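One structure is given here, and the rest of the page talks about it.
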Amino acid sequence: LSVDAKVHKEILIAGNPQFSTITEKISRIVESKTTRVWLLMFGAAVSLLLILLGSIGYLLWEGIGIWGNNVPSGWGFDIVNFVFWVGIGHAGTLISAILFLFRQRWRTSINRFAEAMTIFAVMCALIFPSIHVGRAWLLQWVMPIPNQMGMWPNFRSPLLWDAFAVGTYFACSLMFWYVGLIPDLATLRDRAKNRVRKILYGAFALGWHGGNRQWKHYELAYLILAGISTPLVLSVHSIVSTDFATSVLPGWHTTIFPPYFVAGAIFSGFAMVMTLILIARRVHHLEEIITMKHLERMNIVMLVTGMMVGYSYGTEFFIAWYSGNPYESFAFLNRAFGPYWWAYWTMITCNVVVPQLFWFKRFRTSIPVMFVVSILINVGMWFERFVIILTLTRDFLPSSWGWYWPTKWDFAILIGSFGLFFTLFLLFIRFLPMISMAEVKNVLPQADPHQHDGPRQTAIGGGSV
Amino acid sequence: MSQLSSKATGMLAAFESPAALMRAAAKMRDGGYTHFDCHSPFPIHGMDRAMGLKRSPLGFIVGAVAFCALTGISLMMWWMSAVDYPLVISGKPYFSFLAYVPPAFAITILSSALTALFGMLILNRLPQLFHPGFLSVWQHRIPSLTLMQPGSFWRASVAVISRWWRQNEQSGITETRRQVNDCHFCGRLDRWLFPGRAQGTAADSSQSEYVQAAKVQGTIAE
Chain A
1 LSVDAKVHKE ILIAGNPQFS TITEKISRIV ESKTTRVWLL MFGAAVSLLL ILLGSIGYLL
61 WEGIGIWGNN VPSGWGFDIV NFVFWVGIGH AGTLISAILF LFRQRWRTSI NRFAEAMTIF
121 AVMCALIFPS IHVGRAWLLQ WVMPIPNQMG MWPNFRSPLL WDAFAVGTYF ACSLMFWYVG
181 LIPDLATLRD RAKNRVRKIL YGAFALGWHG GNRQWKHYEL AYLILAGIST PLVLSVHSIV
241 STDFATSVLP GWHTTIFPPY FVAGAIFSGF AMVMTLILIA RRVHHLEEII TMKHLERMNI
301 VMLVTGMMVG YSYGTEFFIA WYSGNPYESF AFLNRAFGPY WWAYWTMITC NVVVPQLFWF
361 KRFRTSIPVM FVVSILINVG MWFERFVIIL TLTRDFLPSS WGWYWPTKWD FAILIGSFGL
421 FFTLFLLFIR FLPMISMAEV KNVLPQADPH QHDGPRQTAI GGGSV
Chain B
1001 MSQLSSKATG MLAAFESPAA LMRAAAKMRD GGYTHFDCHS PFPIHGMDRA MGLKRSPLGF
1061 IVGAVAFCAL TGISLMMWWM SAVDYPLVIS GKPYFSFLAY VPPAFAITIL SSALTALFGM
1121 LILNRLPQLF HPGFLSVWQH RIPSLTLMQP GSFWRASVAV ISRWWRQNEQ SGITETRRQV
1181 NDCHFCGRLD RWLFPGRAQG TAADSSQSEY VQAAKVQGTI AE
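One line per chain: the protein sequences are A and B, in this order. Counting from 1, one number per residue, gives the positions in the first sequence under the numbering used here. Counting from 1001, one number per residue, gives the positions in the second sequence under the numbering used here.
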């Protein structure tokens, strides 16, 4: 067998289901009655969301002085959380776009889930720069909108690049996700029993009927969206990293930042997908669709990206010494042994040491191990951003050294952003198919017109394959 | 059931598997039929060729829009930063190309994505609130006059149906028409939004085509 044939022969979905089993299994989650577990989780998430809304309200009323940011740390939790959330999103785009282009068929079980996570994470991320501008009601000034002052934004500023990059990222992720949803929404529309569902799913399915004349354009649109989302995976976090790298501060002004940020983003994103998917898989009994094979591959991606992140930490340290720049060297020694040493070593432990467990098949196929590791990686990646940003409280002049400590409002907004994320995620799980039915059916063996149903027919397009 | 009623506008046939559907599609293509479609819950690899369809033009459309967007945003940023509102930033040139790459890239990507989405919808004539095929193709209610075995249909979820269904819902198969009327909301709203769509070309010429097509398949019970 050729490699290609082997890839296509691989059984990705356990239990040898029929097409209708897939439809039934995934649609039933959306169609069944609301469970108590869901309600409890939703209640908890909404409570956190209210904390977010309340804190933002107070912030708009009082100003960003309620945060711990102060000279010399003009940036604090806000940018830490922004980079953290944007990073989380990247795994979704990697799974939906890059793995699609590389024909990694195992992605079909997790891509919808990961794409939803991307969108919600980017929404959480967008909150932070928006409120950090201080006068959130003048946010439209970052966009080149004609105004009475005859003023245009400064396109040479990395903060403006950020607005363009993250805004585009959000819009493209949303479109990609929606295009993927259309056939599944049509399935739900056709199964809908009550009027409200019929109208709502009917409206959002846009009249999809699944004729091949529709699929023809659809497939190309999906391919194009995957193609243009692929550079986004690399560009968005690269541009985010230029917020730091274009400055002339020690520890920030380095060329390693873009690749280092992208690897970290994918690493943390996969960890977040893992945490969420393990819960959803357990609650909704999706073990046959999201098999150990899928989980193991995700763990391998985490191992690889974790090694890249570890390598970047090492390179940074090496260059700090090798460059002979005393400020640069000091910045890194300060990270590891300065007042925030505990944050640095939390980061190293969670991001570099813990993922090494995945070298062993026993650990990378153990659900409890991967659950704990995925949470630790997220903690570690949050601390990575904390370390990058807040060890700068000691830069060039010792007389200007300072100390950053967050206030209760910083913590409230951080916790609240998780509330927003989980509220949206729970709504997604409740009302939309969390696994792409059309794509999962497509990787079932009987979906392949060439390998099922007897000998190949020459009539379908010229010769054997 | 040797022939369809004079009101019939199309014909459905159900197949056991994607492979069977694809063989049928190839026969239809070789028989010279053009007004037919193959419905499936997921895209079937190779079906475009089996049906004799041309490649979608979407790629060229997106490419053209992306090029225009790149040119447009670059000119816009140059005009804003170098002509209309020159801003001195550390004495750097007003239009230093590299600094403008990230926004230009973002806008190019954004407009390509918008074109891919809306271009796909327009090429597929979506949104379209109602399609007679919904009633039988996608649902368990299978009209008795269509040429399908109810049990096998949904299992494979694949069928060849006539495109005329979309254009001539007024003169549909009796059984289907009753169901069309059941769907008050979608049917009426769609007619209201797209009044032209209900009047298609006359179905008569195609009708025999479909009967023959079905005979080619051997699915018609004579």
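Every residue, glycine too, gets a C-beta built ideally from N, C-alpha and C. Predicted model, so just to flag it, every value in this text is computed and none were measured.
Member of the options whose CA lies at the smallest distance from the CA of residue i
i	options	result
S312 (chain A)	A:F270, A:P339 and A:T254	A:T254
S173 (chain A)	A:A116, A:A263, A:D448 and A:S366	A:A116
F330 (chain A)	A:F421, A:W252, A:T349 and A:E296	A:W252
W152 (chain A)	B:M1028, B:F1067 and B:A1082	B:A1082
S27 (chain A)	A:I388, A:L200, A:L185 and A:S399	A:L185
K293 (chain A)	A:E316, A:S366 and A:V122	A:S366
G380 (chain A)	A:F267, A:S55 and A:V133	A:F267
A438 (chain A)	A:I413, A:M272, A:L249 and A:E219	A:E219
A280 (chain A)	A:L427, A:P250, A:T393 and A:M308	A:L427
G57 (chain A)	A:W321, A:I131, A:V83 and A:I88	A:I131
P1086 (chain B)	A:A265, A:I199, A:N154 and A:K193	A:N154
A1064 (chain B)	B:M1047, B:P1127 and B:A1113	B:A1113
Y404 (chain A)	A:W359, A:I413, A:Y340 and A:F113	A:Y340
A1050 (chain B)	B:R1125, B:L1075 and B:G1031	B:G1031
W409 (chain A)	A:M347, A:L52, A:I375 and A:I22	A:L52
L1075 (chain B)	B:A1104, B:L1058 and B:A1019	B:A1104
R36 (chain A)	A:Y322, A:R430, A:V443 and A:S436	A:R430
F257 (chain A)	A:P398, A:A265, A:S238 and A:V248	A:S238
A121 (chain A)	A:P445, A:F425, A:Q446 and A:N442	A:F425
V283 (chain A)	A:T315, A:F19, A:L414 and A:I29	A:I29
Reduced DSSP secondary structure (H/G/I, E/B, other) of residue i
i	result
H1039 (chain B)	strand
T34 (chain A)	coil
K361 (chain A)	helix
T1176 (chain B)	Any answer about T1176 (chain B) is weak, because its pLDDT of 32 lies below 50 and its placement is not dependable; what the coordinates show is given next. Helix at T1176 (chain B).
A14 (chain A)	coil
D190 (chain A)	helix
N351 (chain A)	helix
H217 (chain A)	helix
N442 (chain A)	helix
W382 (chain A)	helix
N81 (chain A)	helix
D448 (chain A)	coil
W321 (chain A)	helix
W61 (chain A)	helix
V1088 (chain B)	coil
W152 (chain A)	coil
P368 (chain A)	helix
A1156 (chain B)	Residue confidence for A1156 (chain B) is low, a pLDDT of 26 falling below 50, so the modelled location carries little weight; the figure read from the coordinates is stated next. In the structure shown, A1156 (chain B) sits in a helix (DSSP, three-state: H, G or I).
T1071 (chain B)	helix
Residue i versus residue j - alpha carbon distance
i	j	result
S1157 (chain B)	I127 (chain A)	With a pLDDT of only 27 at S1157 (chain B), under 50, the local geometry of the prediction cannot be trusted, and no value is derived from it.
A1099 (chain B)	F100 (chain A)	31 Å
G15 (chain A)	S1040 (chain B)	22 Å
G419 (chain A)	S47 (chain A)	7 Å
C1186 (chain B)	W208 (chain A)	Residue confidence for C1186 (chain B) is low, a pLDDT of 37 falling below 50, so the modelled location carries little weight and cannot support an answer.
W1078 (chain B)	L39 (chain A)	53 Å
P183 (chain A)	R197 (chain A)	16 Å
L1070 (chain B)	T246 (chain A)	24 Å
I300 (chain A)	F363 (chain A)	11 Å
D395 (chain A)	T407 (chain A)	23 Å
G76 (chain A)	H450 (chain A)	57 Å
L1121 (chain B)	G134 (chain A)	40 Å
N111 (chain A)	R105 (chain A)	10 Å
I98 (chain A)	G167 (chain A)	20 Å
G89 (chain A)	D162 (chain A)	15 Å
M308 (chain A)	Y260 (chain A)	8 Å
W85 (chain A)	I388 (chain A)	15 Å
V240 (chain A)	W382 (chain A)	15 Å
I87 (chain A)	M175 (chain A)	The question names Ile, yet the displayed sequence has Gly at residue 87 (chain A). G87 (chain A) and M175 (chain A): Cα-Cα distance of roughly 19 Å.
Sheet register partners of residue i (DSSP bridge)
i	result
G211 (chain A)	B:H1039
S73 (chain A)	A:N70
Any non-hydrogen atom of the ligand MN within 6 Å of residue i CB
i	result
V372 (chain A)	Absence of the ligand MN is noted for the structure shown, with no ligands found whatsoever.
Legend entry - Ordered list of alpha helix (DSSP H) runs contained in the stretch 87-147 of chain A, each at least 4 residues: 111-132
Legend entry - Continuous alpha helix (DSSP H) assignments of at least 4 residues falling wholly in the stretch 225-306 of chain A: 257-283
Legend entry - Any alpha helix (DSSP H) of 4 or more consecutive residues that is wholly inside the stretch 392-427 of chain A: none
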